[in-house]
Amino acid sequence: DQQVKQNSPSLSVQEGRISILNCDYTNSMFDYFLWYKKYPAEGPTFLISISSIKDKNEDGRFTVFLNKSAKHLSLHIVPSQPGDSAVYFCAASGAGAAGNKLTFGGGTRVLVKP
Amino acid sequence: DSGVTQTPKHLITATGQRVTLRCSPRSGDLSVYWYQQSLDQGLQFLIQYYNGEERAKGNILERFSAQQFPDLHSELNLSSLELGDSALYFCASSARTTHTGELFFGEGSRLTVL
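Read top to bottom, the protein sequences are chains A and B. No gaps in the numbering here: position 72 of the first sequence is 72 in the numbering used here, and each next residue is one more. Every position in the second sequence, counted from 1, becomes a number in the numbering used here once 114 is added.
Shown next as structure tokens:
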């Protein structure tokens, strides 16, 4: 039972353009969402997060949007840079039945072409 | 450098064997989490410890066990190993008990079972 899904396994974008990564979730108990970035041979590193009381959070080139009614979140990277090439994981957590843990999606591999 | 140290980085062993993976959390972090990533899949939560006590449990097999010691380092023990246990095992730490903040991940221990 995949409670957090990233339906696009890969994404290729030109340098300077926008990268849009999507994530869907099924558990309505999730109330906190995060994006992690992972380079090869390294552990995931935190990128940006959003609480369910917000619908948008921005940090520099990175913006996360949350649509609770659709149980959907997205990460926008503008402008994309070659150093953004990595695997991006969305993750969710919540109280109660969602448990005291992060549930990760399967990841989206982003390639930014110079 | 996340401040989380995992050893060994690579481990090759045979089916039926037992291995121990070690994790030292960031200085001051009381929570330690273990995740498994198989074959370019998402990270699957295994177990969490907070200040020496088990706090949350995921889909951890009975053949696997973990503990957190008084100095806060943690060990994940994997026994009666099967081919399907080959994966990247990540340890993460945080200062909090819940996932409302970012986790800091180590570089992972890659286990290959032959």
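Positions of the beta carbon are idealized from the N, C-alpha and C atoms, including for glycine.
Among the residues of chain A, those whose CB is under 7 Å from the CB of residue 155/B are 106, following chain order.
Contact annotation: in the region 180–207 of chain B, residues whose CB is within less than 8 Å of a CB in chain A are 204, 206. Less than 8 Å divides the Cβ of residue 150/B from the Cβ of residue 201/B.
Runs of the beta strand (DSSP E) lying entirely within the region 190–224 of chain B, each at least 3 residues long, are 201–208 in chain order. A Cβ of chain B is located within less than 8 Å of the beta carbon of residue 43/A.
Remark: C-beta atoms of residue 166/B and residue 139/B do not approach each other more closely than 8 Å.
Against chain B, the CB of residue 33/A has no partner CB under 8 Å away; the residue lies outside that interface. Listed along chain A, no residue sits closer than 9 Å to residue 166/B by beta-carbon distance, the nearest being about 16 Å off.
As for any alpha helix (DSSP H) of minimum length 4 sitting wholly inside the region 146–177 of chain B, there is none. Within chain B, no residue has its beta carbon less than 9 Å from that of residue 26/A; the closest one is some 14 Å off. Exclusion of the five residues before and after residue 37/A leaves 45, 47, 86, 88 as the residues of its chain whose Cβ lies within less than 6 Å of its Cβ.
Listed along the chain, the chain B residues whose CB falls inside 8 Å of the CB of residue 101/A are 147, 159, 162, 170, 172, 213.
With three or more CB-CB distances shorter than 8 Å, the region 66–85 of chain A counts as touching the region 12–25 of chain A. DSSP places residue 87/A in the uninterrupted beta strand (DSSP E) bounded by 86–94. Annotation: the continuous beta strand (DSSP E) that includes residue 34/A extends over 30–38. Distance check between residue 130/B and each of 194/B, 124/B, 189/B, 208/B places 194/B closest, using alpha-carbon atoms only.
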